[in-house]
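A.B. asks:
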Amino acid sequence: ISHYHEEYENMKQQLERKLQEAEGELALQRQELLVAIDREIKEREHEFRVKADEMSNLVLSHELKVKLLTKELEALKEAGMKAADLLKVAEAANMELEKQVRCKDWEIKDITAVKDAQIQDLESKLASVQLGWRKEKETFERKHATIDHFAREKEAVIVSMKQAHIEQTHRWKNQIQKLQTNKETLEMKLDQAEYRFIDQLREKESIIEKSCYSYLLCKAELYSRRSSLPNQIFLQ
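Quick note on the working numbering: the sequence shown kicks off at -14 and runs consecutively.
(1) Check each candidate in Lys174, Leu72, Leu107 and name the one with the smallest Cα separation from Ile96.
(2) Between the region 186 to 204 and the region 153 to 165, do at least 3 Cβ pairs fall closer than 8 Å?
(3) Compute the Euclidean distance between the alpha carbons of Lys120 and Arg156, then round it to the nearest angstrom.
(4) Under a Cβ-count criterion, where at least 16 other Cβ atoms within 10 Å of its own Cβ denotes burial, should Cys88 be classed as buried or exposed?
(5) How many Å lie between Leu207 and Val44 at the Cα?
(6) Among Ile183, Gln115, Glu152, which one has its Cα closest to the Cα of Glu92?
(7) Which word fits Ser46, buried or exposed, when buried means at least 16 other C-beta atoms lie within 10 angstroms of its C-beta?
(8) On the criterion of 16 or more Cβ atoms from any shown chain inside 10 Å, does Cys197 qualify as buried, or is it exposed?
(9) Please report the distance separating the alpha-carbon of Glu10 from that of Phe33.
(10) Assign Ala98 to buried or exposed, taking buried as 16 or more other Cβ atoms, counted over all protein chains shown, within 10 Å of its Cβ.
(11) Closer than 7 Å by C-beta to Lys3: which residues in its own chain qualify, once you throw out the five before and the five after it? Chain order, please.
(12) If you compare alpha carbons, which of Leu54, Glu126, Asp101, Lys128 is closest to Thr170?
(13) Alpha carbon to alpha carbon, how far is Gln105 from Asp70? Give it in angstroms, no decimals.
(14) Can you tell me whether Ala75 is buried or exposed? The criterion is at least 16 other CB atoms within 10 Å of its CB, across all chains shown.
(15) Let's test the definition: count the other Cβ atoms within 10 Å of the Cβ of Phe219 and tell me whether it reaches 16, buried, or not, exposed.
(16) Report back the beta-carbon spacing between Lys158 and Leu107 to the nearest angstrom; my notes put them in contact at under 8 Å.
(17) Output the distance between the C-alpha atoms of Asp23 and Ala7, rounded to the nearest integer angstrom.
(18) State the DSSP-derived secondary structure class of Ile218, mapped to helix, strand or coil.
(19) Under 9 Å, do Lys122 and Met146 count as touching if we go by C-beta distance?
Structure follows, in C-alpha cells:
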C-alpha cells in the first residue's frame, strides 16, 4: 500500500507538473495568439484606412469629374445656343443677300432694257440717216445726170451743186459718226454695268459661302462634343 501510495504521489506530481507545463505552454500560445490577432487587427485596420482613403479620393475624383462634365455640358449647351444664333444670323444674311441680288438683277434688267431701247433708237436714227443719205445721193445722181446733159450750158450750176453735195455729205457723215460713237459709248457703259454686277454677285456669293462654312464648323464642333461626352462618361 505504501508503495502504491508513493507511486500515486509521484504520478500525481508528474501530472501536476505536466499540467503546469501545459498551462504555461497554453498561456504562451494564448499570448502569441493574442499578439497575432492584435497584429492582424491592426493590419486590417490599416488596410481599411488605406481603402477608405482610396475610396474617399475616388469619390472626390468622381465628384470632380461630374462637376467638369457638368461644366462641359453647360458649355456645349451654350455653344449650341450660339450655333443656333449664328445659324439665324447666317440665314437672315443669306435672305438679305438674295434680296439684294434680286434687286440688282432687276436693276440690271431695267438698265439693259433702257440701253437696248436707246441702242435701237440710235440704230433707227442711223438707218434713217443712211436712208436719207442714199436718197440724197440718188437725188444728186439724178440731178447730176440731168445737169451733165446740159454740162456745157450749166457748168457753174453743176460746180455749185457738187459743192453743196460735198458739204451735205460731210454733214451726214459727221452725224453718222456721232451716232456710231454714241452707240459704242452706250454699249461700253452697258458692258461695264454688267461687269460690276458680276463682281458684286461674286462678292455676295463669297459672303454666303463663308457664312455657311462658319455654320458647318459650329455644327461639326457641337456634334463632336456631343459624341465625345458619352465616351468620357463610360470611361469614368
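Don't be surprised by glycine CBs; every beta carbon is placed ideally from N, CA and C.
C.D. replies: Well, looking at it:
(1) When only C-alpha atoms are compared, the closest one is Lys174.
(2) Short answer: they don't touch.
(3) Pairing Lys120 with Arg156, the inter-Cα distance amounts to about 15 Å.
(4) Answer is exposed; the Cβ neighbour count stays below 16.
(5) In this structure, the CA atom of Leu207 is about 30 Å from the CA atom of Val44.
(6) Selected option, being the one with the closest Cα: Ile183.
(7) Ser46 comes out exposed.
(8) Flag for Cys197 reads exposed.
(9) Between Glu10 and Phe33, the C-alpha separation is close to 34 Å.
(10) Exposed.
(11) Excluding sequence neighbours, Lys3 sits near nothing in its chain.
(12) Answer by Cα proximity: Asp101.
(13) About 51 Å.
(14) Ala75 is classed as buried because its beta carbon has at least 16 other beta carbons within 10 Å across all chains shown.
(15) Below a pLDDT of 50, predicted positions are generally treated as unreliable, and Phe219, at 42, falls in that range; the measurement from the model is reported next regardless. Exposed, because fewer than 16 other Cβ atoms sit within 10 Å of the Cβ of Phe219.
(16) Not quite, the Cβ-Cβ distance comes to about 16 Å (not below 8 Å), so this is no contact.
(17) Each residue's alpha carbon lies about 23 Å from the other.
(18) For Ile218, the pLDDT reaches just 43, beneath the cut-off of 50, and the residue's location in the model is therefore unreliable, leaving the point undetermined.
(19) No; because the gap between Cβ atoms is not below 9 Å, this pair is not in contact.
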